[in-house]
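Undergrad: First, the structure itself, so that you have it in front of you.
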Amino acid sequence: MAQDLVFYTNPMSRGRIVRWMLEELGVPYRTEIIGYGPAMKAPAFTALNPMGKVPMIRHGKVVVTESAAICAYLADAFPEAGLAPPPGDPARGAYYRWLFFGAGPVEAAVADAAMGVAPGEEQRALVGYGCMADVMNMLEYAVQDGGFLAGDRFSAADLYLGSQIGWGMHFGTLEKRPALERYWSKLSGRPAARRALAMDEALMPEKRD
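Position 209, counted from 1, in the sequence shown is what the UniProt record's numbering calls 209; the numbers after and before it change by one each time, with no gaps.
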């Protein structure tokens, strides 16, 4: 019997990445919308995730938090979807490389920039990303050949890092470069990406005039 898969999210969160991942898998899951504020800090939720944040999944008795970890876990838990190179495949090295480049240097660089933090030249060795220019050049390097990040097919690494690229260019936290725009255009047109976007947009609060 299949284990229950429950997705805890908010449409105004990185849960959008996980929603896309779940839609790519094509497996049944149940969504629990968690509101910001008291709901995320309520004992029932923090008992599962003491950080009191989304996204999070519960797969049977397994609880996974952090978007990159959730994507990596789901790709391995549902190998039939083909969203990760199998163990032993040399492409798995590139898969891990870019998945965690997104979770580490890209995430940190974007967060620092949003807070107006820019490491000086003497400080760059102290942070994992060096400087924003280094991050941008690395992203461009990753997608310059026009293919996918880990071999000849789409993977969870593309989904996760691609989401960051798409969001970053949309909100102005990452510089628009032609190679990045071409890459994101290819990913964002996937049927699962479009389904996930429509589902989360439908959950957004109505705007008041």
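C-beta: ideal position from N, C-alpha, C; glycine also.
Where do the ends of the beta strand (DSSP E) carrying isoleucine 17 lie?
TA: No beta strand (DSSP E) contains isoleucine 17, which is instead part of the alpha helix (DSSP H) from 15-25.
Undergrad: Touch check for the segment 105-118 and the segment 146-164: three-plus C-beta pairs under 8 Å?
TA: Taking 8 Å as the limit for Cβ pairs, the verdict is that the segment 146-164 does touch the segment 105-118.
Undergrad: Over the uninterrupted alpha helix (DSSP H) stretch that includes phenylalanine 101, give me the two end residues.
TA: Its alpha helix (DSSP H) spans residues 91-101.
Undergrad: Under the DSSP definition of a beta bridge, which residues are partnered with phenylalanine 7?
TA: Beta-bridge pairing links phenylalanine 7 to Thr31, Ile57.
Undergrad: CA-CA distance, arginine 97 and leucine 5?
TA: Near 27 Å, if we compare the C-alpha coordinates of leucine 5 and arginine 97.
Undergrad: With 16 as the cutoff for other CB atoms within 10 Å, does isoleucine 33 come out buried or exposed?
TA: Classification for isoleucine 33: exposed.
Undergrad: Just the Cα atoms here: how many angstroms apart are phenylalanine 45 and tyrosine 73?
TA: For phenylalanine 45 and tyrosine 73, the distance between alpha carbons rounds to 21 Å.
Undergrad: Among the candidates Pro205, Ala193, Leu203, whose CA atom is the shortest distance from the CA of valine 18?
TA: The option with the nearest alpha carbon to valine 18 is Ala193.
Undergrad: Pair every Cβ in the segment 183-190 with every Cβ in the segment 121-138, then say whether three or more of these pairs are closer than 8 Å.
TA: The segment 183-190 vs the segment 121-138: no contact.
Undergrad: For glycine 60 and glutamine 3, I'd like the C-alpha separation in whole angstroms.
TA: For glycine 60 and glutamine 3, the distance between alpha carbons rounds to 5 Å.
Undergrad: Closer than 8 Å by C-beta to alanine 142: which residues in its own chain qualify, once you throw out the five before and the five after it? Chain order, please.
TA: These residues qualify, in order along the chain: Trp98, Phe101, Leu149, Leu161.
Undergrad: Assign valine 62 to one of three DSSP states: helix, strand, or coil.
TA: Note: valine 62 maps to strand in three-state DSSP.
Undergrad: Since I believe proline 55 is in contact with glycine 15 (beta carbons under 8 Å), could you give me their beta-carbon distance rounded to a whole number of angstroms?
TA: Their Cβ separation, rounded to whole angstroms, is 4 Å, which keeps glycine 15 and proline 55 in contact under 8 Å.
Undergrad: Identify whether arginine 182 lies in helix, strand or coil by the three-state DSSP scheme.
TA: Helix, per DSSP.
Undergrad: What did DSSP end up calling aspartate 200 once you bin it into helix, strand or coil?
TA: Aspartate 200: helix per DSSP, three-state reduction.
Undergrad: Kindly indicate if chain D contains any beta-carbon less than 7 Å away from that of alanine 125.
TA: The displayed structure is made up of one protein chain only, and chain D is not part of it.
Undergrad: Is the beta carbon of methionine 21 less than 7 Å from the beta carbon of leucine 159?
TA: Result yes, Cβ atoms of methionine 21 and leucine 159 sit closer than 7 Å.
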